[in-house]
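Residue numbering for the sequence shown follows our numbering, starting at 38 and increasing by one per position.
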Amino acid sequence: MAVAARDNISSIVEFRLRPVAARWRYQMYVIVDKEYVFWWDESMRLQYFKGVTLYQPAGIQNMSHVIAMFDSGVGVEVMTDGGHLTVHVYMPNTFLGGCAGVGYGNGTGGLLGLYSRDVRDDFTLPNGQQISLQSTQEDIHFRFGKAWRVQERV
């Protein structure tokens with residue numbers, strides 16, 4: 038189980054749940070631009086990377102709760118919870134609007150919708166077309182999910 042985040046030209050931050058046998062010390066792997074990051078003492082509570090600051094809240098010493106704050110104001114909070122990852126995404130109100138790539142607002146769009154407070158446009162494809170809210174899970178996966186897939190650049 039994993040989640041990755043990137044903001045425009047920031048570093049890519051990945052959060053991966055560690056295997057059960059490896060969770061005795063740290064609960065998740067945090068990987069920034071393909072490099073593993075750890076917090077083993079108080080001086081490392083804040084770590085800075087290109088366009089993103091990583092933070093482990095006070096009192097957490099096992100990497101079970103990490104926050105990524107991007108320069109744009111977007112925050113991604115990842116916590117381990119009984120063998121699962123819980124992810125919260127925070128965006129400033131200036132991100133309300135739609136996907137600039139399809140002629141809307143300021144460029145907010147993707148798997149979490151257009152951040153427009155209108156559930157009817159949550160399944161908007163990168164080309165501006167919308168998939169019905171009554172679509173099957175298979176249709177959502179193949180037509181919507183795969184359309185937003187990020188291509189790896191080597």
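All residues carry an ideal CB built from backbone N, CA and C; glycine is no exception.
Going by beta carbon distance, what residues of the same chain come within less than 6 Å of residue i, once the five residues before and after it are set aside?
i, result
"GLY110", "PRO129"
"ARG186", "none"
"THR161", "LEU151 and GLN167"
"GLN93", "TRP76, ARG82 and VAL103"
What are the partner residues of residue i, as DSSP defines its beta bridges?
i, result
"ARG82", "DSSP output for ARG82 lists no bridge partner at all."
"VAL67", "PHE52 and VAL74"
"LEU91", "GLN84 and ALA105"
"VAL40", "PHE52"
Which residue marks the beginning of the beta strand (DSSP E) containing residue i, and which one marks its end?
i, result
"THR161", "Per DSSP, THR161 belongs to no beta strand (DSSP E) and is neither H nor E."
"GLY112", "112 to 118"
"VAL103", "102 to 107"
"LEU122", "121 to 127"
Might you give, ordered along the chain, the residues of its own chain that have their beta carbon closer than 8 Å to the beta carbon of residue i, omitting 5 neighbours on each side?
i, result
"ALA58", "none"
"TYR121", "The sequence shown places His at residue 121, not Tyr. Hits under 8 Å: MET38 and LEU54."
"GLN174", "none"
Comparing alpha-carbon positions, which option in the options lies nearest residue i?
i, options, result
"GLU114", "GLU51, HIS178 and ASP176", "GLU51"
"SER48", "TYR63, ARG60, LEU170 and TYR85", "TYR85"
"ASP108", "VAL124, GLY88 and SER101", "GLY88"
With a threshold of 7 Å on Cβ separation, who are the neighbours of residue i within its own chain once the five nearest residues in sequence on each side are excluded?
i, result
"ARG62", "ASN99"
Inter-stretch contact at 8 Å, needing at least 3 Cβ pairs: the segment 72 to 84 / the segment 118 to 132: no
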